[in-house]
Amino acid sequence: MDDKDRGTGHGGGHPAPAFEALLAEGAAVPTEGWDFSWFEGRATEERPSWGYAMSLAGRLAGARAALDVQTGGGEVLDFALGRAAPKAPVLTVATEGWPANVAKATALLRPRGIAVVASPEEGPLPFADRAFDLVTSRHPVQPLWEEIARVLRPGGTYFAQHVGPRSVFELVEYFLGPQPREVSGARHPERERAAAEAAGLEVVGLRAERLRVEFHDIAAVVHFLRKVVWMVPGFTVEACRPRLRALHERIESGGPFVAHSTRHLVEARRP
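The opening position of the sequence shown corresponds to residue 1 in full-length UniProt numbering, with each subsequent residue numbered one higher.
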């Protein structure tokens with residue numbers, strides 16, 4: 001789903017008995033890593049105009065020591081390093097907090113000579129002060145601004161794509177109902193600018209976009225909520241079966257469920 005062009009979906013063609021089969025399919029797909037290719041034709045998301053992975057490749061080509069924080073399954077870093085070669089950094093390290101993703105990222109990145117370090121998402125980062133001239137991250141759960149500033153060398157850069165406020169909240173609120181303002185306002189780019197500056201970083205670039213997301217069948221909804229577990233905390237098929245059935249019927253009769261993701265591109269430097 002992530003970074004896919006919109007395309008033809010499955011909505012409208014399933015008979016009612018397909019509901020149980022779709023639930024089972026969505027519940028059976030492995031959730032490790034950040035490879036969203038399973039969603040092809042079933043759910044789609046517009047791409048941010050800045051093209052993070054290619055932009056990351058350019059930054060890596062100019063770095064000497066790089067750290068990718070919360071790398072997921074390592075897919076984005078692997079792609080970017082492939083485009084950055086042969087000018088990739090002499091040293092590149094990645095961190096990840098989810099054990100299944102640590103194993104997947106290690107298998108993918110080890111052939112490139114990249115160590116994947118198991119590190120909790122809440123920090124601290126297990127590296128010395130001023131160890132890197134580039135720190136990157138794609139969709140961190142929470143940016144660790146003080147830790148980022150600590151491990152950056154003077155003049156070093158943090159370059160990342162973050163999830164913005166109220167991302168895919170149409171789907172979240174379909175299951176959870178209206179959310180409090182403090183929840184829906186979290187991750188606002190200006191709040192992150194203030195937090196980065198409070199940590200001693202200079203924000204030199206900040207761009208935000210709102211992007212269309214479509215879910216074409218209920219299996220895609222189930223897999224998405226299993227994969228991105230913080231969207232609807234405690235989600236299970238059994239607990240949400242009535243809402244899932246109603247949403248399945250809505251998609252069958254009216255077409256894709258439409259939501260909107262929010263993303264912002266951050267560039268910050270340590271003076």
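Quick reminder that beta carbons are idealized off the backbone N, C-alpha and C, glycines included. All of these numbers come straight from a predicted model, not from anything done at the bench.
Whose C-alpha, out of the options, is nearest the C-alpha of residue i?
i    : options                : result
V232 : R241, L211, T262, L176 : L176
D133 : A61, A219, S167, W50   : A61
E40  : V237, L225, D217       : D217
Residue i and residue j: beta carbons closer than 8 Å?
i           : j    : result
V258        : R210 : no
Y158        : V141 : no
L108        : G74  : yes
L23         : V222 : yes
R226        : L152 : no
residue 286 : P256 : Residue 286 lies beyond the range of the chain shown here (1 to 271); nothing can be said about it.
Any idea which residues DSSP pairs residue i with across the strands?
i    : result
G205 : E267
A85  : In the DSSP output, where bridge partners are listed per residue, A85 has none listed.
D68  : A94, T136
R210 : T262
H162 : H264
E122 : Beta-bridge pairing links E122 to no other residue.
F215 : A43, F257
E152 : Inspection of the sequence shows that residue 152 is occupied by Leu rather than by Glu. Paired residues: F132.
Suppose you measure from the CA of residue i to the CA of residue j; what does that come to, to the nearest Å?
i    : j    : result
R250 : Y174 : 12 Å
F235 : H264 : 27 Å
L206 : Q161 : 10 Å
A149 : G113 : 25 Å
S119 : S253 : 45 Å
D5   : A43  : For D5, the predicted model reports a pLDDT of 34, less than 50, meaning its position is unreliable and no value from the coordinates is stated.
S49  : F19  : 36 Å
V204 : R130 : 20 Å
P143 : P89  : 23 Å
D3   : V229 : Its pLDDT being 44, under 50, D3 is placed unreliably by the model, and nothing is read from it.
L244 : S37  : 23 Å
G200 : P99  : 32 Å
T262 : V172 : 14 Å
Using beta carbons (cut-off 8 Å, strictly below), is residue i in contact with chain B?
i    : result
R193 : No chain B appears in this structure, which consists of one protein chain only.
Just confirm the distance between the C-beta atoms of residue i and residue j, as a whole number of angstroms; I'd bet it's less than 8 Å.
i    : j    : result
S137 : V69  : 4 Å
V93  : W34  : Incorrect: roughly 18 Å between the Cβ atoms, too far for contact.
E25  : A219 : 5 Å
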